[in-house]
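Listed in order, the protein sequences are those of chains A and B.
For the first sequence, counting from 1, position 100 maps to 100 in UniProt numbering; every step adds exactly one.
For the second sequence, counting from 1, position 69 maps to 69 in UniProt numbering; every step adds exactly one.
For glycine and all other residues, C-beta sits at the position ideal for the given N, C-alpha and C.
There are 2 protein chains.
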Amino acid sequence: MIQNDFLIEIQLVGLTSRLKRLTDNILYSTKDFYKAVGVDIEPNWHLIFLLLKKHRELTVTEISERLQMSHPAIVKIIRNMKLKDYIGTKTDTTDSRKQLLYLTTKAELALPQLEKCWEACILTMEELLEGNEFFLKNLELIEEKIGKKSYKERTLKNLNRL
Amino acid sequence: MIQNDFLIEIQLVGLTSRLKRLTDNILYSTKDFYKAVGVDIEPNWHLIFLLLKKHRELTVTEISERLQMSHPAIVKIIRNMKLKDYIGTKTDTTDSRKQLLYLTTKAELALPQLEKCWEACILTMEELLEGNEFFLKNLELIEEKIGKKSYKERTLKNLNRL
DNA sequence: TACATTTGCGTAACTAGTTACGTAATTTAT
DNA sequence: ATAAATTACGTAACTAGTTACGCAAATGTA
Chain A
1 MIQNDFLIEI QLVGLTSRLK RLTDNILYST KDFYKAVGVD IEPNWHLIFL LLKKHRELTV
61 TEISERLQMS HPAIVKIIRN MKLKDYIGTK TDTTDSRKQL LYLTTKAELA LPQLEKCWEA
121 CILTMEELLE GNEFFLKNLE LIEEKIGKKS YKERTLKNLN RL
Chain B
1 MIQNDFLIEI QLVGLTSRLK RLTDNILYST KDFYKAVGVD IEPNWHLIFL LLKKHRELTV
61 TEISERLQMS HPAIVKIIRN MKLKDYIGTK TDTTDSRKQL LYLTTKAELA LPQLEKCWEA
121 CILTMEELLE GNEFFLKNLE LIEEKIGKKS YKERTLKNLN RL
């Protein structure tokens with residue numbers, strides 16, 4: 001049991017901050033893990049690797065849609081992956097606005113080691129979810145609700161009812 | 001049901017990213033909400049307000065411990081709150097390293113309106129957790145596990161077992 | 001009392017996301 | 001065929017967190 005934790009003490013009020021704290025914790029712990037293993041990638045490169053492995057070539061917009069993140073976020077990630085030579089780009093021949101992204105040979109060669117790391121990450125998630133079988137389903141429920149009507153809209157409506 | 005969501009498709013692999021996506025979504029939606037209501041504060045000021053309302057005076061270190069965040073994070077938040085004149089500081093008389101933080105009159109006057117906003121936020125969380133009564137308990141379980149042994153340590157051990 | 005250690009907090013540099021804006025290429029509409 | 005609207009993506013400026021480092025004040029120790 002965590003002692004003296006204000007966020008737990010204040011219950012529902014602290015829930016969003018606890019979620020943020022947890023995800024931040026995992027984020028920086030993952031960085032730490034990569035560093036310890038001597039792998040020179042950032043946590044948020046993981047899904048880009050997976051997407052490009054599966055689809056060979058994707059544009060910035062396609063990736064941002066599939067990950068449901070803003071396109072500038074993807075642009076930033078891609079820039080760093082390019083700097084480390086994990087990603088290459090070429091302009092689409094039929095639409096010169098589009099940048100086709102693909103994994104470089106360096107990336108392909110690194111994949112086996114990376115995939116082992118990611119497997120270890122999955123094992124950790126399984127550990128953390130042990131006795132928590134509904135967590136994923138519960139999360140999906142929340143995602144669905146928020147997808148249908150945003151947190152902001154809901155809160156505005158709730159405020160007007162007070 | 002969310003369509004074509006790569007993060008859901010890949011199951012456990014996408015879980016941490018989904019949690020991050022959810023907390024980011026709530027974060028920016030909360031900003032949006034404050035803006036819509038015409039309240040000039042940031043989401044992460046909320047807990048500082050609550051702590052200082054409860055304890056009158058706290059130091060940077062005390063706040064960072066209670067929220068379990070790094071002290072530079074608190075320093076940054078406080079700086080912005082000071083710029084908007086919601087927080088005042090005075091140097092501790094017995095230990096001149098310590099900065100005592102307190103809510104200004106402007107903050108005290110703003111509190112009633114803010115508290116109404118936060119009440120609306122709680123109602124929203126209740127909505128989102130409807131049919132999800134175990135979510136909080138489940139979250140606490142994960143926090144406990146990660147508190148005992150970090151995500152990094154767990155993953156390193158899992159990697160060695162592969 | 002002098003010196004080493006610890007504590008408090010501030011800054012710098014970094015990743016990580018957002019919204020807002022701009023521009024060029026493509027598509028649509030008139 | 002030309003003008004308008006849309007799309008793709010890049011940049012800027014912002015909040016939000018971290019780790020690493022530095023310095024001065026306080027504390028512990030010889």
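| Query | Result |
| --- | --- |
| Does chain B have any CB closer than 9 angstroms to the CB of A110 (chain A)? | no |
| Find the nearest neighbour of D5 (chain B) within the set A:R154, A:L128, A:C121 and A:G147, judged by alpha-carbon distance. | A:G147 |
| Compare the C-beta of G14 (chain A) against all C-beta atoms of chain B and say whether one is closer than 9 angstroms. | yes |
| Rounded to a whole number of angstroms, what is the C-alpha to C-alpha distance between M1 (chain B) and Q68 (chain A)? | A caution first: M1 (chain B) carries a pLDDT of 38, below 50, which makes its placement in the model unreliable, though a value can still be read off. So the two alpha carbons sit approximately 14 angstroms from each other. |
| Please compile the residues from chain B whose C-beta is within a distance smaller than 8 angstroms of the C-beta of T124 (chain A). | Y151, R154, T155 and N158 |
| So which residues on chain A does W118 (chain B) lean against when the C-beta distance must stay under 9 angstroms? | V13 |
| Along the chain, where does the beta strand (DSSP E) that runs through G131 (chain A) open and close? | Looking at the DSSP string, G131 (chain A) is not in any beta strand (DSSP E), and its letter there is neither H nor E. |
| Against chain A, with Cβ distances strictly below 9 angstroms, would K129 (chain B) count as a contact? | The sequence given here has Leu at residue 129 (chain B), not Lys. For L129 (chain B), the answer is yes, since a Cβ of chain A falls inside 9 angstroms of its Cβ. |
| Go through its chain and collect everything with a Cβ distance to G14 (chain A)'s Cβ below 6 angstroms, but skip five positions before and after it. | L7 |
| Indicate the three-state DSSP secondary structure (helix, strand or coil) for K152 (chain B) in the structure shown. | helix |
| Is the Cβ-Cβ distance between K106 (chain B) and I41 (chain B) less than 9 angstroms? | no |
| Cβ closer than 9 angstroms: which chain A residues qualify as neighbours of S64 (chain B)? | In chain order: nothing, as chain A lies at least about 11 angstroms away. |
| Report the three-state DSSP secondary structure of L139 (chain A) (helix, strand or coil). | helix |
| Could you please give me the residues that DSSP links to Q99 (chain B) through a beta bridge? | B:T91 |
| Does the CB of A36 (chain A) have a neighbour CB from chain B at under 9 angstroms? | yes |
| Would you tell me roughly how many angstroms separate the C-alpha atoms of R21 (chain B) and E130 (chain B), rounded to the nearest one? | 20 angstroms |
| Among B:R79, B:L111 and B:E115, which residue has its Cα nearest to the Cα of L101 (chain B)? | B:R79 |
| Strictly under 9 angstroms for the Cβ-Cβ distance: is E140 (chain B) near chain A by that measure? | yes |
| Any idea what DSSP makes of L162 (chain B), helix, strand or coil? | coil |
| Give every residue of the same chain whose Cβ lies closer than 8 angstroms to the Cβ of P43 (chain A), excluding the five residues on either side of it in the sequence, and list them in chain order. | L27, T30, K31 and Y34 |
| L87 (chain B) versus chain A: which residues are under 8 angstroms apart at the beta carbon? | Residue 87 (chain B) is actually Ile in this sequence, not Leu. Near I87 (chain B) there are no residues of chain A at all, since even the closest Cβ is about 17 angstroms away, more than 8 angstroms. |
| Specify, as a first and last residue, the run of the alpha helix (DSSP H) that L50 (chain B) falls within. | H46 to H55 |
| Suppose the cutoff is 8 angstroms on Cβ atoms and the five residues either side in sequence are ignored; what does the same chain contact list for S70 (chain B) look like? | S64 |
| I'd like to know if K76 (chain B) contacts chain A, where contact means its C-beta is closer than 9 angstroms to some C-beta of that chain. | no |
| With C-beta atoms as the reference, is Q99 (chain B) less than 9 angstroms away from V60 (chain B)? | yes |
| Check the C-beta distance from L136 (chain B) over to K53 (chain B) and give it rounded, since I have them as a contact under 8 angstroms. | Wrong, their Cβ atoms sit about 23 angstroms apart, outside the cutoff. |
| Which residues in chain A sit within 8 angstroms of N132 (chain B), going by Cβ to Cβ distance? | N138, L141 and I142 |
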